[in-house]
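Numbering (our numbering), first residue to last: 54 to 505. All C-beta atoms, glycine included, are put in the ideal place defined by N, C-alpha and C. What follows is one structure encoded as structure tokens, with my remarks underneath.
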Amino acid sequence: MVDAALIVVSGVGCAVGYHVTTAGTLGKADIYAAASLLVAINFVLLTIVQQGYRLKAVTYLARTFRMTLTTWTGLFGALLAIAFTMKVSEEFSRGTTISFYLIGLAVLLVWKTAAARWTAQALRTGGFANGRAIMIAELGLATSSNAVDDLGQHGYRLMRIMEIPARQLASPLLLSALAPRFEELITYAREHRIEHVFLLINWSRQHAIDSILDMLKILPVPVHLVPDANTARFLRYPLEGTGNTFTAELRRAPLSIRERAHKRALDLVGAILALFVFAPVMLAVAMLIKLTSKGPVFFRQTRNGFNGRAFKIVKFRTMHVLEDGPTIVQAQRNDPRVTPIGKWLRKTSIDELPQLFNVLSGVMSLVGPRPHAAAHNTEYEQIIGNYAFRHHVKPGITGWAQINGYRGETNTIELMQKRVEYDLWYINNWSVWLEISIILRTAVTIFHKTAY
């Protein structure tokens with residue numbers, strides 16, 4: 054309702070404001086009001102179809118922003134196309150239409166932000182806990198599991214918890230042993246109009262679960278089996294339908310075709326734009342390197358990229374040496390191998406700019422796990438168990454680990470493990486918005502003191 058009201062008010066307000074400012078009249082306010090109402094109804098319906106009004110969706114602000122932007126833009130495009138086809142587009146001024154699109158989108162995003170914060174606060178305080186429920190739990194699980202708090206935060210009010218000792222759940226005489234307790238629980242459920250029953254029992258106790266279901270069959274309410282601790286850690290992963298069977302995707306595959314297309318498009322646009330902006334800087338740096346030390350302008354070294362395939366990374370030369378073999382020493386603070394101009398280039402990360410050519414050629418991306426020298430790659434693969442997962446995406450000029458402080462020298466295994474941890478989080482949570490965010494935040498951290 055609030056979405057619809059804000060859209061209508063924005064549409065009418067933009068129409069009246071634009072016409073009063075430009076022509077001194079109200080214009081066709083009734084037409085704009087009808088059009089705004091049409092936009093509002095379609096926007097709300099499209100959001101409902103995408104399940105955008107569910108509590109979990111409302112509090113997930115990044116997804117809400119994406120959904121609002123794509124729905125709003127797509128809706129405007131579709132309605133403008135229909136208006137043009139039906140030859141009624143001349144009824145609407147371009148100024149009003151553009152201002153309605155921009156102001157309406159801004160108002161919706163501000164409202165979505167406020168709604169997300171209010172809803173999250175209400176969930177934390179149990180403001181939506183209206184569904185009356187009871188829980189039947191294995192003794193000790195209710196206190197050790199976060200299921201009770203989670204249910205309370207997402208719409209269920211646990212009126213009563215019935216705990217059963219593990220030895221009774223394992224007994225073949227469970228039905229007869231617990232019959233009096235269940236009769237009393239059923240009476241309680243009827244008197245208090247219980248709407249849901251939750252079972253928090255180890256999933257390996259199939260006999261106990263079947264027996265409890267048999268005792269509860271007289272109650273016309275849904276019975277939910279809550280995942281135990283062992284199962285819950287797997288069900289946190291995305292569930293995928295494979296025919297009639299559902300599976301938990303414990304490890305996501307490399308990015309989908311659509312995601313790879315988006316990432317590649319962003320790489321090409323970003324790399325071309327960056328080369329255009331930094332071309333004068335790169336030309337000046339090349340001249341400085343050539344004038345201040347002997348050797349080539351560019352430094353090429355073997356690195357491992359997507360799927361572990363080797364490629365030659367291109368950087369501005371910052372050292373007197375050109376190491377590329379089975380033994381490579383990482384740069385350290387006050388490293389004598391670093392040239393005077395190289396020290397500044399490494400500090401400002403300008404030495405990384407030639408990697409834009411690697412991005413254009415397709416062996417690297419703007420954002421991704423930093424590629425390490427092949428010698429170091431082999432060493433870390435043997436020490437860090439999940440190190441190889443970094444090769445599920447193309448390596449990048451910058452990355453999630455780098456903007457979080459894990460940049461430059463990694464002189465301990467712990468530091469490399471933290472870098473790998475951040476790299477894997479990036480791979481498992483990839484999105485266009487995350488990609489753009491990392492690129493923007495890289496500018497802030499570019500002068501980080503850990504780069505030698």
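- DSSP places residue 371 outside both helix and strand once states are collapsed to three, so it counts as coil.
- A buried status is given to residue 453, since no fewer than 16 other beta-carbon atoms sit within 10 Å of its beta-carbon.
- The three-state secondary structure of residue 302, taken from DSSP, is coil.
- Note: residue 209 is bridge-paired with 184 in the DSSP secondary-structure output.
- Judged by DSSP secondary structure, residue 234 falls within the alpha helix (DSSP H) whose first and last residues are 227–244.
- Comparing alpha carbon positions, the residue from 86, 187 and 115 closest to residue 169 is 115.
- Exposed is the label assigned to residue 300, since fewer than 16 other Cβ atoms lie within 10 Å of its Cβ.
- If you look at residue 249, you'll find it in the beta strand (DSSP E) that goes 249–253.
- Cβ contact annotation for residue 276 (same chain, cutoff 7 Å, sequence separation greater than five): 250, 252, 266 and 269, in chain order.
- Per DSSP, residue 260 is one residue of the alpha helix (DSSP H) stretching across 259–269.
- Excluding the 5 residues flanking it on each side, residue 473 has same chain C-beta neighbours closer than 7 Å at 437, 439, 440 and 443, in chain order.
- Boundaries cannot be given for residue 224, as no beta strand (DSSP E) includes it and DSSP labels it neither H nor E.
- Here residue 127 is exposed. Its C-beta has fewer than 16 other C-beta atoms within 10 Å.
- Looking from the CA of residue 149, the closest CA among 467, 398, 191 and 65 belongs to 65.
- Around the beta carbon of residue 488, 16 or more other beta carbons sit within 10 angstroms, so the residue counts as buried.
- A contact is defined here as three or more CB-CB pairs under 8 Å, and the segment 149–163 fails this definition with respect to the segment 181–200.
- If only complete runs of 3 or more residues are kept, the segment 394–473 shows the beta strand (DSSP E) at 418–420 and 449–451, in order along the chain.
- With fewer than 16 neighbouring CB atoms inside 10 Å of its own CB, residue 344 falls in the exposed class.
- Beyond the five residues adjoining it in sequence on each side, residue 215 comes within less than 8 Å, by CB distance, of 187, 188, 189, 190, 234 and 238 in the same chain, given in chain order.
- According to the DSSP assignment, residue 355 belongs to the beta strand (DSSP E) that extends over 351–357.
- Pairing residue 491 with residue 451 gives a Cβ-Cβ distance under 8 Å.
- Between the segment 395–403 and the segment 347–360 there are fewer than three C-beta pairs closer than 8 Å, too few to call the two in contact.
- Per the coordinates, the alpha-carbon of residue 272 lies some 56 Å from the alpha-carbon of residue 152.
- At the C-beta level, residue 146 and residue 71 come within 8 Å of one another.
- One thing to note: residue 366 has its Cβ within 8 Å of the Cβ of residue 411.
- 8 Å or more divides the Cβ of residue 447 from the Cβ of residue 408.
- For the pair residue 302 and residue 274, the CB atoms are not nearer than the 8 Å cut-off.
- Cβ contact annotation for residue 262 (same chain, cutoff 8 Å, sequence separation greater than five): 252, 254, 256 and 278, in chain order.
- Residue 75 and residue 166 have their C-alpha atoms roughly 33 Å apart.
- Residue pairing for residue 278: DSSP places it in a beta bridge opposite 252.
- DSSP places residue 294 in the strand class (E or B) of the three-state scheme.
- Counting only residues of its own chain and dropping the five nearest sequence neighbours on each side, residue 357 has a CB closer than 7 Å to the CB of 363, 424, 427, 430 and 444.
- C-alpha of residue 291 to C-alpha of residue 477: approximately 16 Å in a straight line.
- Between residue 91 and residue 241, the alpha-carbon positions lie close to 49 Å from each other.
- With a contact defined as Cβ atoms closer than 8 Å, residue 211 and residue 204 qualify at about 6 Å.
- Closest in C-alpha terms to residue 493, from the list 131, 310 and 327, comes 327.
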